[in-house]
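Student:
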Amino acid sequence: MKIISRHHRRVSAAAAAFVTLALLSGCSTPPDRIILLPDPEGKVGAVVVRSAHAEQTIDKAYAGVDVASNGAIEKTMDSQSSVQARYGELLAARPPRPMTFTLFFLFDSATELAPESPATVKKLKAVLATWPAPQVVVIGHTDLAGSQEFNDRLSLRRAESAAAFLVKEGIPARQIETAGRGKREPLVPTPDGVPNHMNRRVVITIQ
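End of the sequence shown sits at 207 in the UniProt record's numbering; the numbers just go up one at a time, nothing left out.
1. Measuring CB to CB, does residue 158 end up less than 9 Å from residue 110?
2. Can the beta-carbon of residue 144 be found less than 9 Å from the beta-carbon of residue 100?
3. Just to confirm my understanding: we take residue 98, look at its own chain, exclude 5 residues before and 5 after, and list those with CB closer than 6 Å. What are they?
4. Taking the DSSP output, what are the residues bridged to residue 140?
5. Measure the beta-carbon distance from residue 71 to residue 53 and round it to whole angstroms, keeping in mind my assumption that it falls under 8 Å.
6. By Cβ distance below 7 Å, which residues in the same chain neighbour residue 162 in space, the five residues on each side in sequence not counted?
7. If you draw a straight line from the alpha carbon of residue 69 to that of residue 30, how long is it in whole angstroms?
8. Whole angstroms is fine: what's the gap from residue 80's alpha carbon to residue 94's?
9. Check each candidate in 122, 183, 192 and name the one with the smallest Cα separation from residue 210.
10. In the DSSP assignment, find the beta strand (DSSP E) that holds residue 74 and state where it starts and stops.
11. Which of the three DSSP states, helix, strand or coil, is assigned to residue 33?
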């Protein structure tokens, strides 16, 4: 969500898991309202709200502040039900949160999935069927067996193989970005040259 700012007031995020909601009320000189929402798992971060004359930190779910045009900041407290009642349409219009799926591959293969991956493919297909205009990033990886050059090629082939599957599922190719990381970013660190099935993977992020 966009935070509305006037008179050089600044809002900065100070934690990993939060969503901010900035809204205008209907009065003639409305304050900016910022409400801190939990993420889907219920986790809450923190937001530091600064104006020219004051500063407040909000770090509880549905806590907020009203920032007046003169820079004064007043704390507020809402509930999930009241936020949903007042701002339900706006909340519903937010884009879905990004989702990540990991597919594992057999040794030295860019097309053969490991036995645990078909279940992930099924979940991925269900999400794609309902996601509006998805933008997809597909990153291929390898384990640490083999040369850097070989693994760069293999990781890219894995990403391209996953992208081809996404195109078959109806995602336009222009909405898919692919890349190969080779053996640079192992999921499970191992000595160079050591194979590990958890590192032979493609990570698909939908946003």
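Glycine included, every Cβ here is placed at the ideal spot set by N, Cα and C.
Tutor: The relevant details are as follows:
1. Contact: yes.
2. Note that the C-beta distance between residue 144 and residue 100 is not below 9 Å.
3. Listed in chain order, the non-local C-beta contacts of residue 98 below 6 Å within the same chain comprise 205, 207, local neighbours out to five positions each way being set aside.
4. Per the DSSP secondary-structure output, residue 140 pairs in a beta bridge with 180, 202.
5. Confirmed, Cβ separation roughly 4 Å.
6. Short of 7 Å from the beta carbon of residue 162, and not among the five residues preceding or following it, lie these beta carbons of its own chain, in chain order: 103, 138, 202, 204.
7. Distance between residue 69 and residue 30, taken at the CA atoms: about 8 Å.
8. Distance between the alpha carbons of residue 80 and residue 94: 16 Å.
9. As displayed, the chain neither begins before 1 nor continues past 207, which places residue 210 out of reach and without an answer.
10. Run containing residue 74: 73-77, per the beta strand (DSSP E) assignment.
11. DSSP, read as helix, strand or coil, puts residue 33 in strand.
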